[in-house]
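Below is one structure, written out as structure tokens; comments come after it.
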Amino acid sequence: MNTPLKLGLFGLSLAAVFAVAFGAGNLAGPAPAADTRPHEPSGHGAHAEPTASAPGAQVPGGLQVAQDGYRLHPLTATLTTQAAQPLRFKIVGPDGAAVTDYTPTHDKDLHLIVVRRDLSGFQHVHPALGADGVWSIPLQVPAAGQYRLFADFQPAGRDKPLTLGADLPAAGNYQPLPLPVPARTAAVDGYTVTLDDDLVPGTSSKLTLSVAKDGVPVTDLQPYLAAYGHLVALRDGDLAYLHVHPDGSPGDGRTPAGPQIVFYAEVPSAGAYRLFLDFQHNGVVRTAAFTAVAGPASAASAPTPAPSAPAPTPSATHAHEGGH
Ligand SMILES: [Cu+2]
């Protein structure tokens, strides 16, 4: 590097330093490294702000084990297929201590989703919180493999919920299953659930699900988690956990008890998603699962099935403690 250029770069660096130090962006004309505007606490520069706040532009939840100072800390090393064993974990806060105070969302301090990384074996459960900040629940998974845990919670004092994710293995002979093909209907225990809308990439998508039993529309759904349904949506490929919220709540004077349940889901990209709807009828909570594709059908990854495809998909299992 020749001397004049070196000096020139040195001058530019100095200009940047001065620009930052004195907030004088015009001190040396265009100062490429200097951003005199105050930085957002999130660390995003002002330039990134408009897109970062647009729906779907944020990093989806559930992809990180730590975010915004909070960390999901499993205290159990493995899951088991043999019998229910305690699964224990804590949420460590920015102060390094286990979080013990939460703001309930959908009636619960924390929602725990457990699903195998091939999107089979879904469970949505509610662990118990100990005084020491340790969450615990007896858990058994249906088959061996690598599982993803999602903790969906809102620490007290924080203005929005957070979803952290961590992997835990269940030892054994792992037989991965292909993603079920996209479908408009899902059957569970004599119920048929129909998905009436399409996922739209990059926006908040309205999703209308209709519940029928033996072909008759169900109009007496029971409230479950402060809604007539609870929907979890995971992106195929990386298991991004979509933010989904119900439209209306039981008793608000405008939300019927079925047959339709309406949600809004923030769909970050084109591609395939697996939707899991929990709904309660006649005192039992059931889960209907769908594969849906946002954007063109070609957006869904379509891996070629193995020649000797392993057999039957164990249906999504659903474990619930009582009391709902
Ligand atoms: Cu829950």
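1 is the number of the first residue of the sequence shown in the UniProt record's numbering; add one for each residue after it.
A virtual CB, placed ideally from N, CA and C, is assigned to each residue, including glycine.
In this text the structure is predicted, and so the values were computed from the model without any measurement.
Q: Could you tell me if the beta carbon of Leu225 falls within a distance shorter than 7 Å of some heavy atom in ligand 1?
A: yes
Q. Any chance the CB of His106 is under 7 Å from a heavy atom of ligand 1?
A. yes
Q) Which residue's Cα is closest to the Cα of Gly258: Asp236, Leu87, Pro246, Leu110? A) If you compare the alpha carbons of Asp236, Leu87, Pro246, Leu110 with that of Gly258, the shortest gap goes to Pro246.
(Q) Would you call the region 276-289 in contact with the region 202-215, where contact means no fewer than 3 C-beta pairs closer than 8 Å? (A) yes
Q) Using a Cβ-Cβ distance under 8 Å, would Leu225 count as near chain B? A) Included in the structure is just one protein chain, with no chain B present.
Q | Where Ser249 falls: helix, strand or coil (DSSP) | A | The three-state reading of DSSP puts Ser249 in coil, since its state is none of H, G, I, E or B.
**Q.** Whole-angstrom distance between Leu234 and Tyr147, CA atom to CA atom
**A.** 13 Å
Q.
If you measure between the beta carbons of Leu177 and Asp118, is that distance less than 8 Å?
A. yes
Q) So, is Gly93 buried or exposed, given that buried needs 16 or more other C-beta atoms within 10 angstroms? A) Around the beta-carbon of Gly93, 16 or more other beta-carbon atoms lie within 10 Å, marking it buried.
Q: Since I believe Leu110 is in contact with Tyr102 (beta carbons under 8 Å), could you give me their beta-carbon distance rounded to a whole number of angstroms?
A: 6 Å
Q | Ala297 (DSSP reduced to helix, strand or coil) | A | helix
Q) Of all the beta strand (DSSP E) runs that stay within the bounds of the region 57-132, which reach a length of 3 or more residues? A) With a minimum length of 3 residues, the continuous beta strand (DSSP E) runs that stay inside the region 57-132 are 70-74, 85-92, 110-116, 123-125.
Q.
So, for Phe263: in the same chain, excluding its five sequence neighbours on each side, which residues have a beta-carbon less than 6 Å away from its beta-carbon?
A. Leu207, Leu231, Val244, Pro246
Q | Alpha-carbon to alpha-carbon, Ala289 and Ala186 | A | 6 Å
Q. Quick one, are the C-beta atoms of Pro201 and Val267 less than 8 Å apart?
A. yes
Q) What's the C-alpha gap between Gly45 and Asn173? A) For Gly45, the predicted structure reports a pLDDT of 39, less than 50, and the residue's modelled location is therefore unreliable. The matter cannot be settled from this model.
Q: Label Thr287 either buried or exposed according to how many other C-beta atoms from any shown protein chain fall within 10 Å of its C-beta, with 16 as the threshold for buried.
A: By the neighbour-count rule (16 or more Cβ atoms within 10 Å), Thr287 is buried.
(Q) Tell me which residues share the same chain as Asp87 and place their Cβ nearer than 6 Å to its Cβ, disregarding the 5 neighbours each side in the sequence. (A) The residue you asked about is not Asp; residue 87 is Leu in the sequence shown. Here the set comprises Thr76, Ile137, Leu139.
Q.
Using only the alpha-carbon positions, how far apart do Leu72 and Gly271 sit?
A. 27 Å
**Q.** Cβ shell of Asp238 (< 7 Å), same chain only, five flanking positions each side left out
**A.** Here the set comprises Leu63.
Q: Decide if Gly120 is buried, meaning its Cβ has at least 16 other Cβ atoms within 10 Å, or exposed.
A: First, the amino acid is wrong: residue 120 is Ser here, not Gly. Flag for Ser120 reads buried.
Q. Applying the criterion that 16 or more other CB atoms from any shown protein chain within 10 Å of the CB defines a buried residue, is Ala131 buried or exposed?
A. exposed
Q.
Between the alpha carbons of Ser53 and Gly215, how many angstroms are there, rounded?
A. Note that Ser53 scores a pLDDT of 41, beneath 50, so its modelled location is shaky and nothing firm can be said.
Q) So, using beta-carbon positions, are Pro169 and Leu79 closer together than 8 Å? A) Taking 8 Å as the Cβ cut-off, Pro169 and Leu79 qualify as a contacting pair.
**Q.** Whole-Å CB distance - Asp236 paired with Arg274, under 8 Å assumed
**A.** 6 Å
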